Amino acid sequence: MITPKFNCSQTETSVIVNLYTPAIRASDVEIHVEECLLSVHVNPYFLRLHFPGPVVEDDASSARYDAGTGYLTVTLAKVNQGEDFKDLDILASLLAPPRSEPSTSRPVIEVIGGEEAGEESLTKDEREILEAAENDWHLPQHPADDESIHIATRHYYGFLDMYTGYFNHVSHTENEVNELGADVEKLTPRERRERRIKHENEKWDEDHYMADFADDDMIQELISYRFSSESPFSRSSSPIAFTEEEDLIMLRLPTKEYLTTHLQAHNIYLTLMTLLASYAYESRTTQNDPTPESAWTICSLTPAFSALDPPPYPTSPPVISPSHSNEFTSSELQSTLIPFIRRAIAFPLYRNFALAKQCIRDVSNALCRGKRGVLRALLGLKDILDGHEVYYIYSKIWVDDMCSWVSRSASESKLQEVGELLNNLEIEKDAIEWDLQALEDVTRNASNRAPDSDDEDEDSSTRSISESETDSISPPTSSSSSSTTLSSSISSDAGTV
């Protein structure tokens, strides 16, 4: 079946769904409405939507097909007149299946036989469990050996660690951002992190950083660049309206239900910040005009892509695992974004600490604009990765699910809360561990150094030589004056692509 293009709107009393279903028979359309669920089927199209509130098919409802435009318009009445259905423009949330309610029924245990029944056949472990049950469930605990901790032959990665096997043949592809080599499928999360940090230290170039700090005209221009109001990284308070192209991308997103714990949801928000930071750097340095290097830049700046190493990262002091998903600390946010800053001043063309911090403020703007701002940024990031013949794989294992999760499960208030925290977050240069302040001081002192006596003697001798050479030059002869120099100028009209 084909999922048709569609859009939704609402009034105080009804919901209107427009489906693009060209070349169909109106008499073949089947519409089914049940509480919050709408199903539309007409060969070869099928659409099932789950609305935020209940709807009903009554006398005020209608379905009309325009053969000229190919649009089928379905109007359904709201059960609760005046109810506002939120996020009707986020199509992925409408396509997702309804949330499954947790089971409230208690398990039923049937005891067959008495104490003596089957007791002789119990194993040693089963006897320990029975004895522990009589003693307030204090089960015997034995520390595991280091060698017995990682016994799985397959290691998982990606969104909620749902993927494996995507890099079995990475050595045969032109994946320049992969920092794990051919062993990517065999490494544990701890080994991935160790290789990532080692690679960052190897890529760090003091000379490049000092050169960018000394000659920073272009970098200052990038820092002062202002995004348009349609960009998710702008400070505009105007609402974001998705384009038709963005709607089509959302229609292709996986329709999954993500059953996450509080801790898993908490870590997803942290990973989301790193993805937005990488895309903010790419958008700012290209002034919102992607280049063929944009996919490489995004993947290189994102630890979850290049090293399959998403947050959380170690913090000092350690952060206690949150019991509620709305608990974020400054130290945790700082540890999440420090790897991005390290990579932003070690990998791409423009390496500047102030530029990296400006990108973090851009992330704050996107989060403060809520779910729509974040979705627009993720869809833009996805569009860049999907267009690359190698790096599209990171869109499959990370960005697709992140877009679906944001549209389905992310909290508007939580996104805005994290955005406000980032806006007030201060990350010192000492946290990067590369002596940035010392390097900047040396560069600043070298650029402000007054010329010494040797420099003055050399300059005066140079001027004397130049003056003597000028005096010895004879005026041009008549033959040289009669020579003609031709100059031509080439003008070209800018083409429009």
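Under UniProt numbering, the residues of the sequence shown are numbered 1 to 497, in order. All residues carry an ideal CB built from backbone N, CA and C; glycine is no exception. In this text, all values refer to a predicted model and were calculated from it rather than measured experimentally.
So residue i is in the alpha helix (DSSP H); what residue range does that whole segment cover?
i      : result
Cys36  : Run containing Cys36: none; DSSP gives neither H nor E here.
Ala211 : 206 to 214
Ala77  : Looking at the DSSP string, Ala77 is not in any alpha helix (DSSP H); the run it does join, the beta strand (DSSP E), is 71 to 78.
Tyr281 : 262 to 285
Val17  : Run containing Val17: none in the alpha helix (DSSP H); it sits in the beta strand (DSSP E), 14 to 20.
Gln334 : 330 to 344
Asn445 : 436 to 447
Phe203 : With the sequence shown as reference, residue 203 is identified as Lys, and Phe is not the correct amino acid for it. Looking at the DSSP string, the run of the alpha helix (DSSP H) that includes Lys203 is 189 to 203.
Ser93  : 91 to 95
Phe6   : From DSSP, Phe6 is part of no alpha helix (DSSP H) but of the beta strand (DSSP E) over 5 to 10.
Gly370 : 370 to 386
Ala304 : 303 to 306
Lys414 : 412 to 423
Arg408 : 400 to 409
Met250 : 244 to 251
Glu428 : Element bounds for Glu428: n/a, residue is neither H nor E.
Asp87  : Looking at the DSSP string, Asp87 is not in any alpha helix (DSSP H), and its letter there is neither H nor E.
Ile219 : 217 to 223
Assuming contact is defined by CB atoms lying nearer than 9 Å, are residue i and residue j in contact in what I supplied?
i      : j      : result
Ser330 : Pro314 : no
Arg372 : Ile240 : yes
Ala304 : Pro310 : yes
His155 : Glu185 : yes
Ala366 : Ala280 : yes
Gly419 : Arg369 : yes
Lys382 : Cys359 : no
Ser14  : Leu76  : yes
Ile397 : Tyr225 : no
Glu179 : His199 : yes
Tyr258 : Leu415 : no
Pro278 : Phe340 : Note that residue 278 is Ser in the sequence shown, not Pro. A contact, by the Cβ cut-off of 9 Å.
Ala295 : Ile384 : yes
Arg196 : Ala354 : no
Pro4   : Leu37  : no
Thr274 : Thr285 : no
Evaluate residue i with the Cβ neighbour count: other Cβ atoms within 10 Å of its Cβ, from every protein chain shown; 16 or more gives buried, anything less gives exposed.
i           : result
Tyr20       : exposed
Met218      : exposed
Arg408      : buried
Leu248      : exposed
Pro143      : Any reading at Pro143 is ruled out, since the residue's pLDDT is 43, under 50, leaving its predicted position unreliable.
Asp400      : buried
Lys86       : exposed
Asp146      : Residue placement at Asp146 is poorly supported in this model, since its pLDDT is 41, which falls under 50; the coordinates still yield a value, given next. By the 10 Å Cβ count, Asp146 comes out exposed.
Arg64       : exposed
residue 516 : Not covered by the structure: residue 516. The range shown for the chain is 1 to 497.
Asp212      : buried
Asn43       : exposed
Met1        : exposed
Asp89       : buried
Glu282      : buried
Gln141      : In this prediction, Gln141 scores a pLDDT of 44, lower than 50, which makes its location untrustworthy; no coordinate-derived value is stated.
Ser231      : buried
Ala96       : buried
Ala67       : exposed
Gly380      : buried
What does the alpha-carbon distance come out to for the pair residue i and residue j?
i      : j      : result
Asp161 : His32  : 37 Å
Arg25  : Ala377 : 39 Å
Leu91  : Ala344 : 34 Å
Ser395 : Asp59  : 45 Å
Asp205 : Val442 : 15 Å
Ser62  : Leu337 : 52 Å
Leu222 : Ser228 : 14 Å
Glu12  : Asp215 : 58 Å
Pro292 : Leu272 : 24 Å
Asn448 : Gln220 : 19 Å
Thr375 : Asn445 : Checking the sequence, you will find Leu at residue 375 rather than Thr. Distance between the alpha carbons of Leu375 and Asn445: 45 Å.
Phe347 : Cys299 : 11 Å
Tyr392 : Asn201 : 27 Å
Ser411 : His262 : 13 Å
His169 : Glu244 : 36 Å
Leu425 : Tyr163 : 33 Å
Ser103 : Thr260 : Low confidence applies here, because Ser103 scores a pLDDT of 46, under 50, leaving its location unreliable; read the following figure in that light. C-alpha separation (whole angstroms): 16 Å.
Arg192 : Tyr157 : 11 Å
Asn175 : Gln287 : 26 Å
Leu349 : Glu30  : 56 Å
In the DSSP assignment, what residue or residues form a beta bridge with residue i?
i      : result
Glu30  : His41
Arg48  : Ser39
Val56  : Ala77
Ile393 : DSSP output for Ile393 lists no bridge partner at all.
Tyr163 : Tyr157
Ile2   : Tyr45
Starting from residue i, follow the beta strand (DSSP E) in both directions and report where the run begins and ends.
i     : result
Tyr65 : 62 to 66
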